[in-house]
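Some notes on the structure that comes next.
Residue numbers (this note's numbering): 19 to 338.
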């Protein structure tokens, strides 16, 4: 039996460490291919390097190191945990990388930061508007990624989120929303887009709205988990079972799990998820394309608990 064992980082432990804790019982019963997975929350470059190769490094950006991955003029920058007060650091990083003449650039941005719509980024780069940025991107395939959706405006927009979490008063949030509404970028490539950019779209608020400005300059968007799952998908060819290990399960399942399950479903490969705290109802499994779910919390929400829980689970699914 061939098993693809995947794992995210858990409680600060890197995915590779989680894999080591989980793999033992499975290896006793099957051939195991252990691979890390990321949804773009601080370890995207590290995980992609393990999956696809490339040179890991870092770019100094306004005093903050930004993790990077480079392979044949293809760059990945992970700013998800390397963000300052505004988007200025993104401008520093972009200036550095564009000078290297990249052919492709993945920009992984934080989900929720104070919105400045990328204005500090433009200022840092010496650009007067989105047209200048579009010119800089003319020969580069730019892809903006993030861990999960975050609209710029609307009921779930950044100002409302800042209000709900006590960072702004209701009046301040309302004023910020009005201010943002009057400063929205328009696409520099109208011929390629049928409509203006939507400030209520799932990606518009990423990086404090910088994602929307980058889109206006011609960048594409994707979820970081989709990018990682796409790199893992070729390994499914000879697999009989996919085991996905993660930490706490919240209201939203990791995007990488969804996408990996979609790839596996095409070849009728079962996928099970093993998680720490949280709750996943059995009736939800089919909707998410999963064949089973198990919590290791009863054994302890740590790597030792995870290792203990793996024994009986592996006996159920990897019988010799």
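For each residue, glycine too, the CB sits at the ideal point set by N, CA and C.
Cβ of residue i within 7 Å of any chain D Cβ
i	result
residue 282	This model lacks chain D altogether; it includes just one protein chain.
Residues bridged to residue i [DSSP beta-bridge criterion]
i	result
residue 25	54, 263
residue 335	None; residue 335 has no bridge partner.
residue 76	85
residue 309	Per DSSP, none; premise fails for residue 309.
residue 241	164
residue 20	49
Separation of residue j from residue i, as counted between CA atoms
i	j	result
residue 310	residue 52	19 Å
residue 291	residue 189	43 Å
residue 212	residue 174	Bear in mind that a pLDDT of 40 at residue 212, under 50, signals an unreliable position, so the number given afterwards is only what the model happens to contain. Whole-angstrom Cα-Cα distance: 25 Å.
residue 210	residue 237	Annotation note: pLDDT 43 at residue 210 (below 50); position unreliable, coordinate value reported separately. When rounded, the distance between both Cα atoms is 12 Å.
residue 59	residue 242	9 Å
residue 48	residue 83	41 Å
residue 150	residue 117	15 Å
residue 128	residue 55	18 Å
residue 285	residue 279	10 Å
residue 234	residue 143	16 Å
residue 264	residue 294	7 Å
residue 161	residue 98	14 Å
residue 164	residue 197	24 Å
residue 316	residue 200	51 Å
residue 335	residue 44	9 Å
residue 324	residue 26	13 Å
residue 23	residue 94	25 Å
residue 105	residue 136	6 Å
residue 157	residue 69	26 Å
residue 112	residue 139	9 Å
residue 256	residue 250	13 Å
residue 119	residue 224	25 Å
residue 262	residue 289	7 Å
residue 301	residue 247	24 Å
residue 77	residue 100	10 Å
residue 337	residue 30	32 Å
residue 103	residue 132	7 Å
residue 318	residue 66	29 Å
residue 21	residue 130	36 Å
Exposed unless 16 or more other CB atoms sit within 10 angstroms - verdict on residue i
i	result
residue 239	buried
residue 266	exposed
residue 96	buried
residue 86	buried
residue 61	buried
residue 168	buried
residue 313	buried
residue 134	buried
residue 57	buried
residue 195	buried
residue 126	buried
residue 153	exposed
residue 270	exposed
residue 252	exposed
residue 42	exposed
residue 281	buried
Where the alpha helix (DSSP H) containing residue i begins and where it ends
i	result
residue 205	Here residue 205 belongs to no alpha helix (DSSP H), and DSSP marks it neither H nor E.
residue 402	For the chain, the structure presents residues 19 to 338; residue 402 sits outside this window and is missing.
residue 181	176-182
residue 232	228-234
Residue range of the beta strand (DSSP E) that includes residue i
i	result
residue 39	Premise fails: residue 39 lies in the alpha helix (DSSP H), 33-45, not in any beta strand (DSSP E).
Cβ-heavy atom distance, residue i to the ligand COA, below 6 Å
i	result
residue 121	Here there are no bound small molecules, and the ligand COA is not part of this structure.
Margin query: Ignoring anything shorter than 3 residues, give me the beta strand (DSSP E) runs that lie fully in the segment 142-166, in order along the chain.
Written below: Runs of the beta strand (DSSP E) lying entirely within the segment 142-166, each at least 3 residues long, are 159-164 in chain order.
Unbroken alpha helix (DSSP H) runs of length 4 or more, entirely within the segment 90-145: which are they? For the segment 90-145, the continuous alpha helix (DSSP H) assignments of 4+ residues that do not extend past its boundaries occur at 106-116, 137-143, in sequence order.
*What residue ranges within the segment 243-302 form continuous beta strand (DSSP E) runs of no fewer than 3 residues, ordered along the chain?*
Fully enclosed beta strand (DSSP E) runs of 3 or longer: 259-263, 289-293.
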